[in-house]
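There are 2 protein chains.
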Amino acid sequence: MFKERLEANARLVEDRLQDLLNGEGEGDFAPPQRLAEAMRYGSLGGGKRLRPHLLIESAAIFGAEREAALDAAAALECVHCYSLIHDDLPAMDDDDLRRGRPTVHKAFDDATAILAGDSLLTLAFEIMARESTHSDPAARSRLTLGLAQAAGWRGMAGGQMLDLMAPGQTLDADEIALLQAMKTGALLKFACEAGGIIGGASADDMAALSRYGATIGQAFQLADDLLDAEGDAATLGKAAGKDEAAGKATLITLLGLDAAKARLRELEQKAVRALEPFGPRGEMLATTADFIIRRTH
Amino acid sequence: MFKERLEANARLVEDRLQDLLNGEGEGDFAPPQRLAEAMRYGSLGGGKRLRPHLLIESAAIFGAEREAALDAAAALECVHCYSLIHDDLPAMDDDDLRRGRPTVHKAFDDATAILAGDSLLTLAFEIMARESTHSDPAARSRLTLGLAQAAGWRGMAGGQMLDLMAPGQTLDADEIALLQAMKTGALLKFACEAGGIIGGASADDMAALSRYGATIGQAFQLADDLLDAEGDAATLGKAAGKDEAAGKATLITLLGLDAAKARLRELEQKAVRALEPFGPRGEMLATTADFIIRRTH
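Order-wise, the sequence lines are chains H and A. The first sequence begins at 1 in the UniProt record's numbering and counts up by one. The second sequence begins at 1 in the UniProt record's numbering and counts up by one.
Here it is, written out as structure tokens:
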């Protein structure tokens with residue numbers, strides 16, 4: 001049941017992204033073909049679409065139809081995909097493979113990858129600002145503001161900067177937690193908050209969504225680090241043991257495997273507790289927390 | 001009088017950018033220092049701030065105070081500065097100097113320059129979405145939408161892609177005009193339209209601003225090409241004759257110097273005609289068109 005829902009949401013978002021990246025939308029000029037191809041290559045045909053899923057299911061708590069949340073979900077995914085394209089660049093993490101395929105700069109070139117990332121990021125804000133995304137301009141402004149805060153220097157981009165500077169330093173557990181909260185957590189948290197904005201959540205309900213989102217953000221990263229430490233390349237679709245080989249400090253290195261697993265269970269309980277105000281309407285998000293913690297790839 | 005106004009606007013925008021980049025604004029986390037420094041280095045302390053000037057003076061036609069246009073002007077300048085930082089990267093135009101100083105990737109490194117550009121672009125949308133930028137959320141949404149359309153795959157980023165692909169091709173005059181309209185024109189045009197949005201311009205007045213903005217966009221680029229062909233490095237603060245040395249086709253190569261200068265005068269007249277509906281209130285923009293055409297650096 002959960003897996004079907006996750007996949008159904010992913011299909012909906014994939015279709016919406018396909019429309020958006022096949023030239024739907026307005027502008028004085030047509031985009032250069034090579035740029036549009038690189039944007040499609042870097043964002044279509046893969047991924048669990050976890051962020052859109054969180055957004056759609058958070059909105060559903062307040063009775064919002066999936067259709068009503070779809071444009072915002074697609075915008076959010078554009079930001080996620082832009083970050084992967086730029087992070088993979090030779091000047092950054094220098095990765096050749098992503099989801100078992102050559103990365104954008106390998107399939108195209110560095111300049112095209114930089115511009116495709118820039119353009120996906122910009123497109124995300126274009127989508128958020130469109131009337132079709134939400135009829136209330138105040139909601140559109142809140143979505144724009146929240147997305148920019150989560151993605152920018154105080155969020156995802158800042159986290160990537162910390163990550164790039166990490167190899168020369170010895171980070172303690174708090175510093176690693178900060179890095180991860182910025183790099184991965186901020187956008188996952190915003191996914192939940194965006195659902196609340198679209199669904200018209202009260203301030204209390206928004207606070208509950210933020211708590212849930214921040215907690216699964218931590219769980220997501222810890223599960224990712226556990227997978228890297230324990231997984232193998234075949235199930236991951238990317239190189240395993242990469243963190244250790246790169247001498248990269250993770251919470252696993254600091255806590256040890258057993259303590260990390262215990263912490264993951266605590267985080268799951270915390271996430272589920274945050275959903276209590278929603279009663280049975282919070283069930284899909286609770287199952288999602290369970291999935292995040294138990295996923296094998 | 002004109003020069004004083006241009007400089008006064010530049011100072012106002014510089015001060016506003018300084019506040020915005022010295023940590024004003026909200027977020028769960030503090031930005032990494034190195035990232036914030038690179039963002040400041042790439043956006044403060046230089047430039048004519050022509051786009052902010054156009055925005056502020058377009059808004060002034062409708063009686064908007066400079067203060068009311070300042071946040072949007074700063075957001076627009078963030079987008080301009082992000083584009084310079086990314087365009088200068090080794091994978092793109094590979095420039096070591098900008099305004100007589102080392103470019104961001106030279107002063108820092110490639111990864112930091114990529115992230116500083118990403119973060120300035122994201123910050124621009126954060127600023128546009130803030131209540132302090134405009135009290136009406138519908139205006140904020142229009143500003144966000146217009147900025148994203150002007151900066152994205154159908155605008156500035158698309159134009160940079162065309163520019164990167166140009167060396168292997170023989171572009172005709174129309175193709176060069178398209179490239180320039182996307183790469184430089186779109187953001188200059190939006191600067192004028194944004195002033196209209198802030199000032200509450202009527203549909204007719206918005207159309208006049210768009211016409212004016214598109215025309216000075218063309219003039220700006222032609223003047224730039226003329227400067228490159230005729231100027232010297234000392235007045236430009238960057239290498240002159242670069243286009244020719246790079247075998248880059250410009251309208252000068254195709255039209256010849258004299259025809260290009262005649263075209264520039266035509267564009268100035270067209271820009272001034274577009275301002276007729278505004279009567280004497282359009283004078284500052286008319287003088288700005290004259291400045292754009294006659295500037296020596």
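Ideal Cβ placement from N, Cα and C applies to all residues, glycine included. These numbers were taken from a predicted model, which means no experiment stands behind them.
- In this structure, the straight-line span from the alpha carbon of R16 of chain A to that of A260 of chain A is close to 37 Å.
- Here L188 of chain A carries a helix assignment [DSSP, helix/strand/coil].
- For R98 of chain H, no CB of chain A lies under 8 Å from its own CB, so it is not counted at the interface with that chain.
- If you look at H86 of chain A, you'll find it in the alpha helix (DSSP H) that goes 66 to 87.
- In the structure shown, L97 of chain A falls within a strand segment according to DSSP collapsed to helix, strand and coil.
- For I293 of chain H, same chain residues with a beta-carbon under 8 Å away, outside a window of 5 residues either side, are A219, A223, L264, R265, L267, E268 in chain order.
- L187 of chain H and E57 of chain A have their C-alpha atoms roughly 37 Å apart.
- Under the Cβ criterion of 8 Å, H86 of chain H is counted among the residues facing chain A.
- Secondary structure at P167 of chain H: helix, using DSSP grouped into helix, strand and coil.
- Check the Cα spacing between L227 of chain H and each of H:R295, H:R211, H:I216: the tightest is with H:R295.
- Apart from sequence neighbours up to five positions away, the residues of its chain that approach R40 of chain A with a beta-carbon distance below 7 Å are L21, ordered along the chain.
- In this structure, I85 of chain H keeps its C-beta atom at 8 Å or more from the C-beta atom of H86 of chain A.
- Rounded to whole angstroms, the separation of the alpha carbons of T287 of chain A and D94 of chain H is 49 Å.
- By the 16-neighbour rule on beta-carbons within 10 angstroms, S202 of chain A is exposed.
- The C-alpha of A262 of chain H is placed about 47 Å away from the C-alpha of A151 of chain A.
- Residue state for P137 of chain A is assigned as helix, using DSSP reduced to three classes.
- For the stretch 198 to 239 of chain A, the continuous alpha helix (DSSP H) assignments of 4+ residues that do not extend past its boundaries occur at 203 to 230, 233 to 236, in sequence order.
- With distances taken between CA atoms, G217 of chain A lies nearest to A:G155 out of A:G196, A:G155, A:E126, A:Q169.
- Apart from sequence neighbours up to five positions away, the residues of its chain that approach F2 of chain H with a beta-carbon distance below 7 Å are T287, F291, ordered along the chain.
- Chain-order list of chain H residues neighbouring L264 of chain A: empty, with the shortest C-beta distance near 22 Å, by a criterion of under 7 Å.
- Proximity of chain H to M284 of chain A at the Cβ level (cut-off 9 Å) is not reached, the minimal Cβ distance being about 25 Å.
- Sequence-distant partners of L120 of chain H (beyond 5 residues in either direction) whose C-beta falls short of 8 Å from its own C-beta, in its chain, are M39, G42, S43, C78, V79, C81, Y82, I85.
- In this structure, L162 of chain H sits away from A208 of chain H, with a CB-CB distance that is not shorter than 8 Å.
- Under the 8 Å criterion on CB atoms, P102 of chain H is classed as non-interfacial with respect to chain A.
- Between E126 of chain H and chain A, the shortest Cβ-Cβ separation is below 8 Å.
- At a cut-off of 8 Å between C-beta atoms, A148 of chain A counts as an interface residue with respect to chain H.
- Collapsing the DSSP output to three states places P31 of chain A in coil.
- The criterion of a C-beta distance shorter than 8 Å is satisfied by S141 of chain H and S141 of chain A.
- Under the Cβ criterion of 8 Å, T122 of chain H is counted among the residues facing chain A.
- Around T144 of chain H, the beta-carbon contacts reaching into chain A at under 9 Å are F125, E126, M128, A129, R140, S141, T144.
- In the same chain as G146 of chain H, and ignoring 5 residues on each side of it, the C-beta atoms closer than 8 Å to its own belong to F190, E193, A194, I197, in chain order.
- Looking at the DSSP output, P102 of chain A sits in a beta bridge with A:L97.
- Between G199 of chain A and A59 of chain A, the gap from beta carbon to beta carbon is short of 8 Å.
- In chain A, no part has a C-beta under 9 Å from the C-beta of R11 of chain H; the shortest such distance is about 24 Å.
- If you compare the alpha carbons of H:R211, H:I176, H:G256, H:E7 with that of Q221 of chain H, the shortest gap goes to H:I176.
- Our two residues, D110 of chain H and D19 of chain A, have alpha carbons roughly 33 Å apart in a direct line.
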